[in-house]
Structure formats: C-alpha cells, structure tokens
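Here the working numbering is used: the first residue of the sequence shown is 19, the next is one more, and so on.
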Amino acid sequence: MTYTTIFFDLDDTLYSNESGLWQAIRERISFYLHEQLGFDEEEVPAIREDYFQNYGTTLRGIQANFDVDEKDYHAYVHQLPLDEYIAPDPNLRALLEHLPQRKIIFTSADMAHAERVLAHLGISDYFEKIIDIYAIAPHAKPQPEAFQKALSLAGENDPGPCVMIDDFPKTTRAARDFGLFSILKGNKGSAKDADAILKDWSSLPKLLRNGKTD
C-alpha cells in the first residue's frame, strides 16, 4: 500500500509523553470542572472518566450537560507556558521534511493550542491543515463520524491510503476499524490496539514502507 496522507494527533504524540505538558493540561481540565462548574474535587476524576468514555472528550461531556463557551474552556485549560514543557525538535523536523505524504494535524484540542504547540516544536510549516475539535463538531475522536469528517476535510474519499498516528489506544483501534492504517505512538497499549506500534520517530519511514512494526 502506498500511503498518501498522514493524520497526526498533537498532544503526547508530536512531543514526548514525558514532557509533562499533557499532564498539566489534564490538571487544568480538572481545575475547570471544580472551579468553574462546581464539582467537588473528590468527584472530578469520576466525572472526567464518565465524560471521556461516553462523549469522546471531557469538553463534549461538559457541553452535553452545561451551557459553556468552548473558546473560554480551551483558553482556560491551555493557559500554560509551553516553553517550560516543550522545545524545538530538529529530528522531528528533519523527518517531516523527508516524508512525501500529505501531513495533517487531527486533534481534540482547538486551533489556537495546536498552532502554539507546532510553533514551539518548530514544525508548523510541514502541515497543510489542522483539523481541530471545532472542525468535527459535534463529534470527537474516536467516534467514526469524526474520522469521516476528517477524511472529508482532507479531500480523501478512501481511508485505505490514509494513516492515523495517535498516542491513545482507543483512537488507534477506532481508526483501524474505520479503515485507516493506524499507528500507536509511544508506550501505551499493545499490538492489538493498532496496525503498528511506533516507539521512535526514526522508525516511521520504514514502517510506512513495510506496513508493520519492526
């Protein structure tokens, strides 16, 4: 199979999941539930898990149960000094430069956060499009409708030549079921969660040629 388009997740995928950034965002989400919506601190973890499992993202769960402004929510949870967590990645930049496929960000975050992260990593210019949470509303990864919308926005009629790289096993399983070649980035999950596992970016070109993990 010759792959034509690669959809990249953003957080904990394009940068190391050991950076602490996504954990900081998760803490901000918990603060939002407690400080802005009035949940007791003790019940916040269960609320987040319930929203995540039933709606795809915490935001979608909040929207189903509260009248909130999406932009205010994203501004609140992403109000973090990125330079304390991530830095330019010349190795990733070199890899992206030599990948012949179209490269598209497909994230559950908003456009503003995605643009900030890409700028801090020094790789903004390699992505032709950012598909954010607003673009696929009212759906979210890993719902099939989210993948269908992403393909449509990318101008792709067939999921077969497309790749999804994500750090979340539930998303890579859903992408595989939808027909994309799914790659699980990082150390979460196992081989049953994706078509291939990617531990290090340097392995990606060979993986795309072979269609399997080394």
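We treat Cβ as the ideally placed atom computed from N, Cα and C, and that holds for glycine.
- Membership of M129 in any beta strand (DSSP E) is not indicated; the residue belongs instead to the alpha helix (DSSP H) covering 129-139.
- Put simply, the region 172-185 touches the region 30-37. At least three CB pairs are less than 8 Å apart.
- A check of alpha carbon separations from K210 across S200, K217, D218, H96 identifies S200 as the nearest.
- With contacts defined by Cβ atoms closer than 8 Å, G140 and R120 do not form a contacting pair.
- Spatial neighbours of A42 in its own chain (CB-CB distance under 8 Å, excluding positions within 5 residues in sequence) are listed in chain order as L98, Y103.
- Around the beta carbon of D176, fewer than 16 other beta carbons sit within 10 angstroms, so the residue counts as exposed.
- Between W219 and L113, the C-beta gap is smaller than 8 Å, which places the two residues in contact.
- The secondary-structure analysis by DSSP pairs A214 across a beta bridge with I201.
- Membership of F57 in any beta strand (DSSP E) is not indicated, and neither H nor E is assigned to it by DSSP.
- With a 10 Å radius around the Cβ and a threshold of 16 neighbouring Cβ atoms, P160 comes out buried.
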